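A.B. asks:
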Amino acid sequence: MPHDDTIVAIATATGDAALAVTRLSGPDALAIAARHFRGKRSPIDSESHRILFGEFVASGGPALDTVLLSIFRAPHSYTGEDVVEISSHGGPAVPRAVLESLIASGARPARPGEFTERAYRNGKLDLAQAEAVAAVVRARSDRALRAAEATLGGELSRRVASLDADLVTVLAEVESRLDFPGDVREAADVRALAARCDAMAGVVRDWLDRLPSARRREEGWRVAIVGAPNVGKSSLLNALVGYDRAIVSEEPGTTRDTIEASIWLEGVELRLTDTAGVRDAADRVERLGVERAERAAEAADLAIVVLDSTRPDAGAAESARLVEGIPTIVAWNKSDLVGGDAMPVGLPGALGRAVVVKSVAVRAGGVAALVAAMRAAVAESPVSSGDEIPTTSARQESLLRDALAALDRAGGLLRGVAGAVSVGAAGAVASPAGAALAGASPGPSGAGLSPEEIPYDLAAVDLTEARRALGEIVGRGVDDAVVAAIFQRFCIGK
Ligand code: GDP
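Letter by letter, the sequence shown follows residues 955 to 1448 in the numbering used here.
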């Protein structure tokens, strides 16, 4: 259903900038732009995909700025409607005046994400692609950008479509068995159907298994810098980042809160968190900092435990406890203060298995070995090798889990496995067939029921549920309220 109003928003970030783009979309986009444009040609007469040069004039007023208008005629535009993009000078004043003039001429200020929402509603993008627009803008690394662009380009939608095509054929087979109940069933046929369900479930399971690492790639690695007060954590963070992001002090316990800064290695963002010293915090503020440090350490993808080589025991045991189970690098810091080759021996717990590097946080080049170890940790991680999977939002992930559960149930039912009782979307409960199933004892082959006894109706419910979940990933059958909620999270102008 086409929209009857024309929306407008500044599409670029605000603040001092050379250029800004204001975007108009809707049936009156060309006419509204024409009212404020003075040039050789009017946008109304322009062909699609043309750029017009001229002046922008405020309502009834003088020329405001020199502008370029990019003209896109429906349906060949981002939204599928008539679109005009006005490039003007940036900064706070010009784009605001352009925006206000266009609103005065009848355009309505766009809601967050409304351009992309229109693109979705006009069939220019499916829902998975529309969500990827946000991921492209949010991407923090080259790899994250590639994954988001893959989704925007339809990679996730293609994977879903290919699964769905398989599902449709299996569902058709199952339903044909419902239609002709008297037919003699070959056990091998049913087993083949079950195997196809398992294969589809395997694809989804593999996808889900790889999501945590993909997400780490997208959101960057969280790196916690852990150690006792005064061992040189802040100095190390400063040295890594290259400027005084943290305040270094000779009084123990000055880093009361966590401090964050980012560096990029191997095209991946490492979000470094300098934590308050691990020790019994005396005052309340510091205790809060310590708790936050513990949380930061728990959530970390990589830990850097800083030990002061002049007092190697300080904080070692507590740090070891904190980083248990997390890939860890030990920075043997202040190594300038101890004799040449001295290295730690007999480090406690997890630290004993960690990579150990020397560092001098206060000397130029003193963290080179640490950076090399961090680079190796990032490069060796399966996150950085393995093949790409397209960006998958939390909503899509939860739908994939629904699909997986339904496929597992359908596979179980078709194999005649006892206990694989359907609890599909339609709230289906055990039918008489299901009750018979629960009492069946599967043999070693897993086939406890003869082909005639298989509850095809329940399997069909689960396969339909799997299709529903996959369909919603790309927007099929998605509630309007859900769609609205997705676009509300976008920024204005997108
Ligand atoms: P934090 O409490 O762990 O964050 O420690 P700071 O970074 O505040 O450092 C405590 C003190 O140790 C400061 O005076 C630093 O200048 C000093 N320091 C840190 N790293 C080194 C190092 O590698 N060598 C030497 N000689 N001093 C260091």
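All C-beta atoms, glycine included, are put in the ideal place defined by N, C-alpha and C. Since the structure is predicted, the reported quantities are computational estimates derived from the model, not experimental observations.
(1) Skipping 5 residues on each side, what residues in its chain have a beta carbon closer than 8 Å to that of leucine 1022?
(2) How big is the Cα-Cα spacing for arginine 1159 and alanine 1119?
(3) Inspect the beta-carbon positions of threonine 1345 and alanine 1089 and report whether they are closer than 8 Å.
(4) Under DSSP, the beta strand (DSSP E) around glutamate 1223 begins and ends at which residues?
(5) If you draw a straight line from the alpha carbon of aspartate 1255 to that of arginine 1329, how long is it in whole angstroms?
(6) Return helix, strand or coil for asparagine 1192, following the three-state DSSP convention.
(7) Work out the CA separation of leucine 1191 and valine 1432 for me, nearest whole Å.
(8) Suppose only complete runs of 4+ residues qualify. What are the alpha helix (DSSP H) ranges in the segment 974 to 1050, listed by chain order?
(9) Report yes if the C-beta distance between proline 1066 and isoleucine 1057 is below 8 Å; otherwise report no.
(10) In or out: lysine 994 buried (at least 16 other Cβ within 10 Å) or exposed?
(11) Which word fits glycine 1378, buried or exposed, when buried means at least 16 other C-beta atoms lie within 10 angstroms of its C-beta?
(12) Return helix, strand or coil for valine 1375, following the three-state DSSP convention.
(13) Three or more beta-carbon pairs under 8 Å between the segment 1121 to 1131 and the segment 1162 to 1180, yes or no?
(14) Sorry if obvious, but does the Cβ on asparagine 1287 come closer than 7 Å to a heavy atom of the ligand ADP?
(15) Helix, strand or coil for aspartate 1434 per DSSP?
(16) Looking only at its own chain, which residues have a Cβ that is under 7 Å from the Cβ of glutamate 1103, when we skip the five neighbours before and after it?
(17) Per DSSP, proline 1063 forms a beta bridge with which residues?
(18) Compute the Euclidean distance between the alpha carbons of alanine 1271 and serine 1095, then round it to the nearest angstrom.
(19) DSSP on glutamate 1214, reduced to helix/strand/coil?
(20) Does the beta-carbon of alanine 1318, which I'm using as the reference point, lie nearer than 7 Å to any heavy atom of the ligand GDP?
(21) Kindly examine the ligand GDP and report whether one of its heavy atoms sits closer than 7 Å to the Cβ of alanine 1323.
(22) Ignore the nearest five residues each way along the sequence and tell me which others in aspartate 958's own chain have a CB closer than 7 Å to its CB.
(23) For the segment 1291 to 1370, list the beta strand (DSSP E) runs that are entirely contained and at least 3 residues long, ordered along the chain.
(24) Give the secondary structure of alanine 1268 by DSSP, where H, G and I count as helix, E and B as strand, and everything else as coil.
(25) From glycine 1224 to serine 1347, what does the alpha carbon distance come to, in whole angstroms?
(26) Check whether the Cβ of asparagine 1184 lies closer than 7 Å to any heavy atom of the ligand GDP, and answer yes or no.
(27) Using a Cβ-Cβ cutoff of less than 6 Å, which residues in the same chain neighbour alanine 1274 once the five nearest sequence positions on both sides are dropped?
(28) For serine 979, count neighbouring Cβ atoms within 10 angstroms of its own Cβ and tell me buried if that reaches 16, exposed if not.
(29) Is isoleucine 1179 helix, strand or coil when you go by DSSP?
(30) So is the beta-carbon of aspartate 1290 under 7 Å away from any non-hydrogen atom of the ligand GDP?
(31) Using CA atoms only, rank isn't needed, just tell me which of Ala1051, Ser1002 and Arg1307 is closest to phenylalanine 1010.
(32) What are the uninterrupted segments assigned as alpha helix (DSSP H) that are 4 or more residues long and contained completely in the segment 1058 to 1133, given in chain order?
(33) Straight-line CA distance for alanine 1251 to alanine 1268?
(34) Taking all protein chains shown into account, decide if valine 1445 is buried (16 or more other Cβ within 10 angstroms of its Cβ) or exposed.
(35) Taking all protein chains shown into account, decide if tryptophan 1161 is buried (16 or more other Cβ within 10 angstroms of its Cβ) or exposed.
C.D. replies: For this structure:
(1) Correct list, in chain order: Ile1005, Leu1006, Phe1007, Ile1040 and Ser1041.
(2) So the alpha carbons of these two residues sit roughly 18 Å apart.
(3) Their beta carbons are under 8 Å apart, which means threonine 1345 touches alanine 1089 by this criterion.
(4) 1222 to 1228
(5) 13 Å
(6) Reduced to three states, the DSSP call for asparagine 1192 is helix.
(7) 46 Å
(8) 983 to 989
(9) Not in contact: proline 1066 and isoleucine 1057 (Cβ atoms no closer than 8 Å).
(10) exposed
(11) Confidence is the limiting factor: at glycine 1378 the pLDDT is only 40, short of 50, which leaves the residue's position unreliable, though a coordinate-based value still follows. Label assigned to glycine 1378: buried.
(12) Its pLDDT being 44, under 50, valine 1375 is placed unreliably by the model, and nothing is read from it.
(13) no
(14) Among the ligands modelled here, namely the ligand GDP, the ligand ADP does not occur.
(15) Helix at aspartate 1434.
(16) The residues are Val1090.
(17) Val962
(18) 35 Å
(19) strand
(20) no
(21) The ligand GDP never approaches alanine 1323 closely enough for any of its heavy atoms to be under 7 Å from the residue's Cβ.
(22) Pro981
(23) 1309 to 1312
(24) coil
(25) The residue asked about is misnamed: residue 1224 is leucine in this sequence, not glycine. Straight-line Cα distance between these residues: approximately 21 Å.
(26) yes
(27) Pro1302, Gly1303, Ala1304 and Leu1305
(28) buried
(29) Assignment of isoleucine 1179 by DSSP, reduced to helix, strand and coil, places it in the strand class.
(30) yes
(31) Ala1051
(32) 1068 to 1075, 1081 to 1092, 1096 to 1106 and 1109 to 1133
(33) 18 Å
(34) What sits at residue 1445 in the sequence shown is cysteine, not valine. Exposed, since its Cβ has fewer than 16 Cβ neighbours within 10 Å.
(35) buried
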